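Visitor: Can you keep this structure in mind? I'll have questions shortly.
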Amino acid sequence: MTDPRHNIRDVFPPTGPEKTAKTWGGEAAMRMLMNNLHPDVAEKPHELVVYGGIGRAARSWQDFDRIVAGLKDLEPDETLIVQSGKPIAIVRTHPDAPRVLIANSNLVPHWATWEHFNELDRKGLMMYGQMTAGSWIYIGTQGIVQGTYETFAEAGRQHYGGDLKGRWILTGGLGGMGGAQPLAAVMAGACCLAVECDETRIDFRMRTRYLDAKAQSLDEALAMIAGWTAKGEAKSVGLLGNAAEVFPELLRRMKAGGPRPDIVTDQTSAHDPLYGYCPAGWTVAQWRAKQENAPAEVERAARASMRAHVEAMVGFWNAGVPTLDYGNNIRQVAKEEGLENAFAFPGFVPAYIRPLFCKGIGPFRWCALSGDPEDIYKTDAAMKRLFPDNAHLHRWLDMARDRIAFQGLPARICWIGLGDRHRAGLMFNEMVASGELKAPIVIGRDHLDSGSVASPNRETEAMRDGSDAVSDWPLLNALVNTASGATWVSLHHGGGVGMGFSQHAGVVIVADGTPEAAKRLERVLWNDPASGVWRHADAGYDIAIQCAKDHGLRLPGILGN
Numbered sequence: 001m002t003d004p005r006h007n008i009r010d011v012f013p014p015t016g017p018e019k020t021a022k023t024w025g026g027e028a029a030m031r032m033l034m035n036n037l038h039p040d041v042a043e044k045p046h047e048l049v050v051y052g053g054i055g056r057a058a059r060s061w062q063d064f065d066r067i068v069a070g071l072k073d074l075e076p077d078e079t080l081i082v083q084s085g086k087p088i089a090i091v092r093t094h095p096d097a098p099r100v101l102i103a104n105s106n107l108v109p110h111w112a113t114w115e116h117f118n119e120l121d122r123k124g125l126m127m128y129g130q131m132t133a134g135s136w137i138y139i140g141t142q143g144i145v146q147g148t149y150e151t152f153a154e155a156g157r158q159h160y161g162g163d164l165k166g167r168w169i170l171t172g173g174l175g176g177m178g179g180a181q182p183l184a185a186v187m188a189g190a191c192c193l194a195v196e197c198d199e200t201r202i203d204f205r206m207r208t209r210y211l212d213a214k215a216q217s218l219d220e221a222l223a224m225i226a227g228w229t230a231k232g233e234a235k236s237v238g239l240l241g242n243a244a245e246v247f248p249e250l251l252r253r254m255k256a257g258g259p260r261p262d263i264v265t266d267q268t269s270a271h272d273p274l275y276g277y278c279p280a281g282w283t284v285a286q287w288r289a290k291q292e293n294a295p296a297e298v299e300r301a302a303r304a305s306m307r308a309h310v311e312a313m314v315g316f317w318n319a320g321v322p323t324l325d326y327g328n329n330i331r332q333v334a335k336e337e338g339l340e341n342a343f344a345f346p347g348f349v350p351a352y353i354r355p356l357f358c359k360g361i362g363p364f365r366w367c368a369l370s371g372d373p374e375d376i377y378k379t380d381a382a383m384k385r386l387f388p389d390n391a392h393l394h395r396w397l398d399m400a401r402d403r404i405a406f407q408g409l410p411a412r413i414c415w416i417g418l419g420d421r422h423r424a425g426l427m428f429n430e431m432v433a434s435g436e437l438k439a440p441i442v443i444g445r446d447h448l449d450s451g452s453v454a455s456p457n458r459e460t461e462a463m464r465d466g467s468d469a470v471s472d473w474p475l476l477n478a479l480v481n482t483a484s485g486a487t488w489v490s491l492h493h494g495g496g497v498g499m500g501f502s503q504h505a506g507v508v509i510v511a512d513g514t515p516e517a518a519k520r521l522e523r524v525l526w527n528d529p530a531s532g533v534w535r536h537a538d539a540g541y542d543i544a545i546q547c548a549k550d551h552g553l554r555l556p557g558i559l560g561n
């Protein structure tokens, strides 16, 4: 029987100023869907897998083809409805309505388990959308580089006086998200030792310039780290190995007087114990074979390995090494496996990122539909002119241009918030209208943003008022962006941390140079980050309350206005 999810064909998005669809909204969605499956972007493009274990862009290749056909045929007053990667309906709406509405992986809470999801997945009734995989705004590993950089830089400020020179970070995972870690560490001034069990991923990160070197043994990797740190160089090495074995060994050596990492974290795909985490002692080939013929055995072994992995991280924490969970739910699995102190060390959001979220600051990204890198370089320069006093932004844009290789359509990411995003969007729209840019710009963000996610073990961990698990917020975010006129809006479950542990919303809007687009851009790119400010103001964060006042937000139940 033919696998509907496997097809030996390479997908490349059209580029340039001429559209093949009836609207730029439909064209942009089609190009970004295709970009998600570009061979330089997706982890397993022939299987529709973009990143994050089994995060897909479409449920099957037949669904992909039907989505593309539907997007090309959309009228300016029509909207395509997509349910877990399957195009369900085209409905009459209006020109300011989204061209696409997407819901991925959503299950009634009692049934929101990997076991139930996998059963539906095998029957072809659902797909796992991760975050930006099923919402068609993944831009490759660049999409998480700045967030990881901001985290490492803040850790350096809190623990090492703002200087990571001569220090090194220990981590695991070089997949679609984890692959950002080596480059982010280097940009922050540190060395990085990243453990990865799949050699092809190490090679891919070297090919795309996210990683500097590869090691086959721990001793070889540590020798590189020792040499670089002694000279004050910031470089990275990918160690072929299993984190559940390497982390405990490094802890043992450290306690015996051996090398001591300066920061410890992890970004394996531990959110998915079947497809995301190779058990200790297994080869990658064994792991992949047993995913199909012995899934329960894989899960048991993976969960046991995660416990050992986290137990070592707790050991580093107890020894005084700054240690952080980077949002893959590995602590939760370890706790379920009997490690009572699995949550001894914090997640990255409450430890380092929440003050930014309180001001609506998060991962703002844009993509050039022209396919021409010069369009991105022009927007880089324009962002510097628009925000002349933001030295941090200027430094980031300079580093990004120097160090980050484009994957698929040229794109850029930077962390800006309420009061700035709409100004950037309007500027891009004017640049398209004037012809300075060769084609429209797509503007989006990660679902990991200030007001678009409920994830008690990650973005909303340890909220001041105890509202960690309240998921009204991402639903309201999606509704507000739909009402504001976004080009496509998505609502997902389980991204980042797995089934039952998160709900989150995505938004994308197109700057096509028209006055109508300008009105939509101003609404969407104000209201979207504002939702993060009011979510945190409601939780009692003084920074968010002050931000709301500074920007004149009307919050009757919070500010009484």
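Everything in the sequence shown is counted per UniProt numbering, starting at 1 for the first residue and increasing by one.
Yeah, the Cβ is synthetic: ideal placement off N, Cα and C, and Gly gets one too.
Remember, predicted model here, so these are calculated numbers, not experimental data.
1) So the beta strand (DSSP E) Phe101 belongs to, where does it begin and stop?
2) Ignore the nearest five residues each way along the sequence and tell me which others in Tyr275's own chain have a CB closer than 8 Å to its CB.
3) Out of Leu426, Ser531, Tyr541, state which residue places its alpha-carbon closest to the alpha-carbon of Thr514.
4) To the nearest angstrom, how far is the alpha carbon of Ala411 from that of Leu222?
5) Is Cys152 helix, strand or coil by DSSP?
6) Indicate whether Val246 and Val195 have their beta-carbon atoms separated by less than 9 Å.
7) In chain order, what are the residue ranges of uninterrupted alpha helix (DSSP H) at least 4 long that sit wholly in the segment 210-239?
8) I need the DSSP call for Pro363, collapsed to helix, strand or coil.
9) Give me the Cα-Cα distance between Ile543 and Asp550, rounded to the nearest whole angstrom.
10) Taking just the CA atoms, how far does Ala351 sit from Leu393?
11) Out of Gly500, Leu183, Glu522, point me to the one whose CA is closest to Ile404's CA.
12) Who are the near neighbours of Leu170 in its chain, counting only those whose CB is closer than 6 Å to its CB and skipping five residues on each side?
13) Which residues bound the alpha helix (DSSP H) around Ser490?
14) Please state whether the Cβ-Cβ distance between Leu448 and Glu459 is less than 9 Å.
15) If you drop the 5 nearest sequence neighbours on each side, which residues of the same chain put their C-beta closer than 6 Å to that of Met1?
16) Take Arg99 and list the residues in its own chain whose beta-carbon comes closer than 7 Å to its own, dropping the five residues that flank it on each side.
17) Secondary structure at Met1, three-state DSSP: helix, strand or coil?
18) Could you have a look at Gly532 and say whether DSSP puts it in helix, strand or coil?
19) With a CB to CB cut of under 8 Å and the five nearest residues on each side skipped, what residues in its chain are close to Ile8?
20) How far does the alpha helix (DSSP H) with Thr482 in it extend, from its first residue to its last?
21) Check whether the Cβ atoms of Ser471 and Ala454 lie closer than 9 Å to each other.
22) Check Ala368 in the structure and name its three-state DSSP category.
23) From this set, Ala478, Gln546, Thr379, which residue's C-alpha is nearest Leu101's C-alpha?
24) So, do the segment 146-156 and the segment 501-509 have three or more beta carbon pairs nearer to each other than 8 Å?
25) Per DSSP, which residues does Ala511 bridge with? Please list them.
Guide: Let me spell this out:
1) Checking the sequence, you will find Leu at residue 101 rather than Phe. Run containing Leu101: 100-104, per the beta strand (DSSP E) assignment.
2) Same-chain partners within the cutoff: Gly53, Ile54, Ser269, Gln291.
3) Leu426
4) 34 Å
5) Residue identity differs from the one stated: residue 152 is Phe in this sequence, not Cys. It is helical.
6) yes
7) 218-230
8) Here Pro363 sits in strand by DSSP.
9) In a straight line, the C-alpha of Ile543 is about 10 Å away from that of Asp550.
10) 22 Å
11) Leu183
12) Leu193, Pro261, Val264
13) It is not in any alpha helix (DSSP H) - Ser490 instead sits in the beta strand (DSSP E) that spans 488-493.
14) yes
15) The predicted model places Met1 with a pLDDT of 44, which falls under 50 and marks its position as unreliable, so this point remains unresolved.
16) Thr23, Gly25, Gly26, Ala29, Leu74, Thr79, Leu80, Thr487, Trp488
17) The predicted position of Met1 is uncertain, since its pLDDT is 44 and thus under 50; no value can be drawn from it.
18) helix
19) Here Ile8 has His46 as same chain residues with Cβ atoms under 8 Å from its own Cβ, once five neighbours each way along the sequence are excluded.
20) 472-484
21) yes
22) strand
23) Ala478
24) no
25) Ile441
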